[in-house]
Amino acid sequence: ENLPLTTFSIYLPLVARNFCGGPLYADNFNNAASGWPIDNNSNLQFEYLSDEYHIQVKASNYWGAATPGYTDSNYILATDVRNATGVYGTYGLMFGLSDDWTQFYVFEVDTATDYWIFRYNNGTRTYLTGNYTSYLNSGTASNRLKVERNGSVITAYANGYLLTSISDGTYTGSRRVGVFAASYSTP
381 ENLPLTTFSI YLPLVARNFC GGPLYADNFN NAASGWPIDN NSNLQFEYLS
431 DEYHIQVKAS NYWGAATPGY TDSNYILATD VRNATGVYGT YGLMFGLSDD
481 WTQFYVFEVD TATDYWIFRY NNGTRTYLTG NYTSYLNSGT ASNRLKVERN
531 GSVITAYANG YLLTSISDGT YTGSRRVGVF AASYSTP
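Offset between the sequence shown (1-based) and my numbering: plus 380.
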């Protein structure tokens, strides 16, 4: 049985190691100079807005991701995410990201409460796991996503509930973490 985890007030996103000692990295997005990219082009917009960090995907079948540059090898990565428009798309956490952005994992959710974990290598996507879950909030509601990375073990949570735990040691060692959003037929 999946039981809810204890909830603490924290700044998001949060990266912690060894489950204690406080966060190694945290950002509450009230300072536009805190390290997340700011950009606006025909396909994507990255911005700080009202103490949130926004990724707007302006093109169909397109994705964008952002990282503050923080790297680690074993950690807990957590943040609150939401689809502000309700248009069908996916969003989530990116981790195990190589410096050249060619290799990474994503913990991805959609507005219909499905989740997936994929591994990417030079544009090739490999499905690792996924399913429907009632633990995700649908539509424009916020979801707290969390990934625990401990060596080859990847454990994913939504809103305090365990979704899955898998083993994949393809990308280990100190790598970047971040967030992403993707569009489908409608930007």
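Just so you know, even glycine gets a beta-carbon here, dropped at the ideal spot from N, CA and C.
* Going by beta carbon distance, what residues of the same chain come within less than 6 Å of S414, once the five residues before and after it are set aside? -> D407
* To do: Would you give the residue range spanned by the beta strand (DSSP E) that L543 belongs to?
  => 541 to 547
* Asked: Starting from L429 and walking both ways along the beta strand (DSSP E), at which residues does that stretch end?
  -> 424 to 429
* Thinking V437 and S563 are a contact (beta carbons under 8 Å), I'd like their distance in whole angstroms, please. => 4 Å
* Who are the Cβ neighbours of D490 in its own chain at under 6 Å, not counting the five residues just before and after it? -> T470
* To do: Note the first and the last residue of the continuous beta strand (DSSP E) segment covering K526.
  => 523 to 530
* What is the rounded straight-line gap between the Cα of P417 and the Cα of G449? -> 10 Å
* At least 3 beta-carbon pairs within less than 8 Å: the region 463 to 479 vs the region 545 to 556 -> yes
* **Pair within 8 Å by beta-carbon distance, D431 and N410** => yes
* Which residue's Cα is closest to the Cα of A458: R499, T520, L404? -> L404
* To do: Could you give the DSSP three-state label for V559: helix, strand or coil?
  => strand
* Nearest residue (CA-CA) to E427, options T504, G444, A439 -> G444
* **Residue closest to D494, alpha-carbon to alpha-carbon, out of N511, T552, R505** => N511
* Per DSSP, cross-strand counterpart(s) of W481 -> Bridge partners of W481: none, in fact.
* Asked: Going by alpha carbons, who is nearest to T566 out of K526, D452, Y442?
  -> Y442
* **L516 - containing beta strand (DSSP E), residue span** => Careful: L516 lies outside any beta strand (DSSP E) and carries neither H nor E.
* Asked: In chain order, what residues of the same chain lie with their CB nearer than 6 Å to the CB of Y515, ignoring the 5 residues before and after it?
  -> A538, N539, Y541
* Reduced DSSP category for Y450 - H, G, I as helix; E, B as strand; rest coil -> coil
* Asked: If you draw a straight line from the C-alpha of T465 to the C-alpha of S547, how long is it?
  -> 34 Å
* Could you tell me the boundaries of the beta strand (DSSP E) in which W496 lies? => 494 to 501
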